[in-house]
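Participant:
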Amino acid sequence: YTKEELQAFLAFCEQYECEQTKEFVINRIHASWCFHSAELMDIATTYRIPSLFRTAFRSLANISLTELTKAHRVMIGLKTFASVALAKSVLDQHCRIIAAEEPHIHVHADDCQDTVACATDWHGVWWNGMGRYLLDGRNPQPYEDAVRRFKTEMQFGRMGKGCREKMFELLEEGSAFQHADHFIDDLCDYHINEL
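If you read the sequence shown in the working numbering, its first letter stands for residue 823, the second for the next number, and so on.
1) Indicate whether the contact test is met: 3 or more Cβ pairs, each with one atom in the region 835-854 and one in the region 988-1005, closer than 8 Å.
2) Whole angstroms are fine: how far does the CA of residue 981 sit from the CA of residue 908?
3) Jot down the residue ranges of each uninterrupted alpha helix (DSSP H) in the region 838-912, minimum 4 residues, whole runs only, in chain order.
4) Would you identify the three-state DSSP class for residue 934, choosing helix, strand or coil?
5) Exposed or buried, what is residue 919 when buried is set at 16 or more other beta-carbons lying within 10 Å of its beta-carbon?
6) Out of 923, 947 and 902, state which residue places its alpha-carbon closest to the alpha-carbon of residue 864.
7) Using the Cα positions of residue 925 and residue 945, report the straight-line distance between them to the nearest angstrom.
8) Can you list, in chain order, the residues of its chain with a C-beta nearer than 6 Å to that of residue 831? Leave out the 5 residues immediately preceding and following it.
9) Determine whether the beta carbon atoms of residue 931 and residue 979 lie at a separation below 8 Å.
10) Round the Cβ separation of residue 807 and residue 939 to the nearest angstrom and send it over; I've been treating them as touching at under 8 Å.
11) Give a yes or no on whether the C-beta atoms belonging to residue 897 and residue 921 are separated by under 8 Å.
12) Nearest to residue 826 by alpha carbon, out of 879, 850 and 936?
13) Could you give the uninterrupted runs of the beta strand (DSSP E) lying entirely in the region 947-1005, keeping only those of 3 residues or more?
14) For residue 832, does the three-state DSSP call read helix, strand or coil?
Rendered as structure tokens:
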């Protein structure tokens, strides 16, 4: 289906209250790659579709605001656009904090030979690895990719194997990284309640 056909089907379903057909069309829209995130947001708010709103909002949070045209901003709506801008600002600040502040090693592993050297090298590797991956001006990495590259591409100096494994487990838990997802979900929920 073309995007025009999908939008026409959706308008038809809304007008004649065809819920099953509307669900089919929504699934087709979710599966389609031809809609810009701003168009998805417009459809989500026009037809009050929470799942589509969440998809569009998450996608918009990953797009540079400079890539959005005036037409896109109109489709998104002023209130939602302001929330996207706020979300991007908060997430960018959070990303900078994560890049600059490594998780601390509170208890070193039994095989750690020199706790001071281990902590010093962890700090240096974190900044040179995660800092670079997350803050790279040309190609910043999403959290998951940055963690994967950090674990496989970096040399950890005088860190003991046990300390490395403990810190990798902490990274896998991802409590600091999940903040971004929770923040986006909370903002989406706020807007979805107003649909």
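Ideal placement from N, C-alpha and C gives every residue a C-beta, glycine not left out.
Facilitator: To lay it out plainly:
1) Under the Cβ criterion (8 Å, minimum of three pairs), the region 835-854 does not count as touching the region 988-1005.
2) 39 Å
3) 841-853, 859-868, 872-883 and 892-898
4) Residue 934: coil per DSSP, three-state reduction.
5) exposed
6) 902
7) So the alpha carbons of these two residues sit roughly 9 Å apart.
8) 847
9) no
10) With the chain represented from 823 up to 1017, any question about residue 807 goes unanswered, as that position is not in the structure.
11) One thing to note: residue 897 has its Cβ no nearer than 8 Å to the Cβ of residue 921.
12) 850
13) none
14) helix
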